[in-house]
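Notes for the one structure printed next.
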Amino acid sequence: MDHTSFAKKLGANLRKARWLKGWTQEDVAAQGVTLRYYQEMERGERNPTLRLLLELADILGVTVADLASVPGARPSDPPLSARKAQPPPRGRKPKKPRH
Numbered sequence: 000m001d002h003t004s005f006a007k008k009l010g011a012n013l014r015k016a017r018w019l020k021g022w023t024q025e026d027v028a029a030q031g032v033t034l035r036y037y038q039e040m041e042r043g044e045r046n047p048t049l050r051l052l053l054e055l056a057d058i059l060g061v062t063v064a065d066l067a068s069v070p071g072a073r074p075s076d077p078p079l080s081a082r083k084a085q086p087p088p089r090g091r092k093p094k095k096p097r098h
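Just so you know, we're using numbering that gives the first Met the number 0 here: the sequence shown kicks off at 0 and counts up by one.
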């Protein structure tokens, strides 16, 4: 998925979360977010910082995962929290790919 598509989906998720609270964009702005910047995020024209994304999730009463979820992005992959991973062995350099 490209950056522009993701920004648009994030904006749609922000809008939906706001609507679920019955809030206007001005209501969100009253919580400390610049109105114009928020409007641009909802339209997919701006990207929030991680800090702002965390704040918006808290303000709107949803999770960051709710805001960043993109239906059908990679349905075959389990969520990262469900995957098992181990750190690479220490002191070993990665093998160079053969050409």
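Backbone N, C-alpha and C fix where the C-beta goes; we use that ideal spot for every residue, glycine too.
Exercise for the section: With DSSP collapsed to three states, give me the class of Gln30. Expected result: Here Gln30 sits in coil by DSSP.
Problem - Three-state class that DSSP yields for Asp1 in the structure shown - result: Reduced to three states, the DSSP call for Asp1 is coil.
Handout entry: Residue interval of the alpha helix (DSSP H) (run including Arg50)
Key = Counting along the chain, Arg50 sits inside the alpha helix (DSSP H) bounded by residues Leu49 to Leu59.
Problem - Residues of its chain near Glu25, where Cβ-Cβ distance is below 7 Å and the 5 sequence neighbours each way are ignored - result: Leu34, listed in sequence order.
Handout entry: Nearest to Ser68 (by Cα), restricted to the options Leu52, Ile58, Lys83 and Arg45
Key = With respect to the C-alpha of Ser68, the residue from Leu52, Ile58, Lys83 and Arg45 having the closest C-alpha is Leu52.
Handout entry: Selected residue, minimal CA-CA separation from Arg14, among His2, Met0, Asp65 and Pro87
Key = That would be Asp65, whose Cα lies nearest to the Cα of Arg14.
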